[in-house]
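*Asks:*
What follows is the structure, encoded as structure tokens:
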């Protein structure tokens, strides 16, 4: 079955440390790939997206993600986290490439920032 | 410009009652999506509108769920005879044309609690 897996339910990182959030997908072809962030009391905000081309994608707030076809992964990274990065992060795919089937989301990774 | 808005922000209802949730997309966006987010889970795609047409309603959880959209504007999601398992946050998103390359912009959601 087609799926998106975020293996880490919770991750705790010290402020200023680097961050990597994992995402794996299971689809026959390369889908469109997204990372969204959901802060408490706020809606989802798109961090970055990948469709084709350069496998290293730059996003907002200093985030980047790397698509690795051989590993069916699209991991999110940030060199140095800030306390304001504490939030829920969702990886998502658009399997149809046309939007009509909506996005399929992983279950999310809750990021905790230690002072 | 204004983002996606949803109303009400919170709804508490008794089991068996009907509820109606409203979504106002970004002006000019032809595509509209409804998702459900249960506690601790990722988002679950429910239905997609292109204009006022929903080509595939198979994502709706049961026949108690229905959705409609007026032109390329407001959409309502109706849940009849609510059950406790319907308790969730219902999120609406819109995008410019519904193509996979388009960004989906999410509203803040309606938190539904069925007692």
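Protein chains in written order, with my numbering: chain D, 6 to 120; chain Z, 1132 to 1246.
Don't be surprised by glycine CBs; every beta carbon is placed ideally from N, CA and C.
(1) Return the CA-CA distance between residue 1168 (chain Z) and residue 1196 (chain Z), expressed in angstroms with no decimal places.
(2) So, do the stretch 87–94 of chain D and the stretch 35–53 of chain D have three or more beta carbon pairs nearer to each other than 8 Å?
(3) Count Cβ pairs between the stretch 1221–1230 of chain Z and the stretch 1159–1176 of chain Z that sit closer than 8 Å; are there 3 or more?
(4) Does the distance from the CB of residue 1201 (chain Z) to the CB of residue 1183 (chain Z) come in under 8 Å?
(5) With DSSP as the reference, please indicate the residues paired to residue 40 (chain D) in a beta bridge.
(6) Between which two residues does the beta strand (DSSP E) containing residue 134 (chain D) stretch?
(7) For residue 1191 (chain Z), decide whether its Cβ has a neighbour in chain D, counting only Cβ atoms nearer than 8 Å.
(8) Roughly how many whole angstroms lie between the Cα atoms of residue 97 (chain D) and residue 1148 (chain Z)?
(9) Is residue 49 (chain D) buried or exposed, if buried means 16 or more other CB atoms sit within 10 Å of its CB?
(10) Report all residues from its chain with a CB closer than 6 Å to the CB of residue 30 (chain D); omit the five preceding and five following residues, and keep chain order.
(11) Would you please verify whether the beta carbon of residue 1221 (chain Z) is less than 8 Å from any beta carbon of chain D?
(12) Are the stretch 14–26 of chain D and the stretch 77–86 of chain D touching by the rule of at least three beta carbon pairs closer than 8 Å?
(13) State the Cα-Cα distance for the pair residue 1175 (chain Z) and residue 70 (chain D), rounded to the nearest angstrom.
(14) Spell out the partners DSSP gives residue 73 (chain D) in its beta bridges.
(15) Distance cutoff 8 Å, beta carbons only. Does residue 1258 (chain Z) sit that close to anything in chain D?
(16) When the Cα atoms are used, what is the spatial distance from residue 38 (chain D) to residue 62 (chain D)?
(17) In the DSSP output, what is residue 1133 (chain Z) paired with across the bridge?
(18) Are the CB atoms of residue 1243 (chain Z) and residue 1217 (chain Z) within a distance shorter than 8 Å?
*Replies:* Quick answer:
(1) 15 Å
(2) yes
(3) Contact holds between the stretch 1221–1230 of chain Z and the stretch 1159–1176 of chain Z, because three or more Cβ pairs, one in each stretch, are under 8 Å apart.
(4) yes
(5) As computed with DSSP, residue 40 (chain D) is found in a beta bridge with D:53 and D:96.
(6) Residue coverage of chain D in this structure runs from 6 to 120, which leaves residue 134 (chain D) outside it and unanswerable.
(7) No - not a single Cβ of chain D is within 8 Å of the one on residue 1191 (chain Z).
(8) Residue 97 (chain D) and residue 1148 (chain Z): Cα-Cα distance of roughly 33 Å.
(9) buried
(10) Taken in chain order, the residues that qualify are 9, 77 and 98.
(11) no
(12) yes
(13) 23 Å
(14) Residue 73 (chain D) pairs with D:78.
(15) Nothing can be reported for residue 1258 (chain Z): it is not among the residues displayed for chain Z, which extend from 1132 to 1246.
(16) 10 Å
(17) Beta-bridge pairing links residue 1133 (chain Z) to no other residue.
(18) yes
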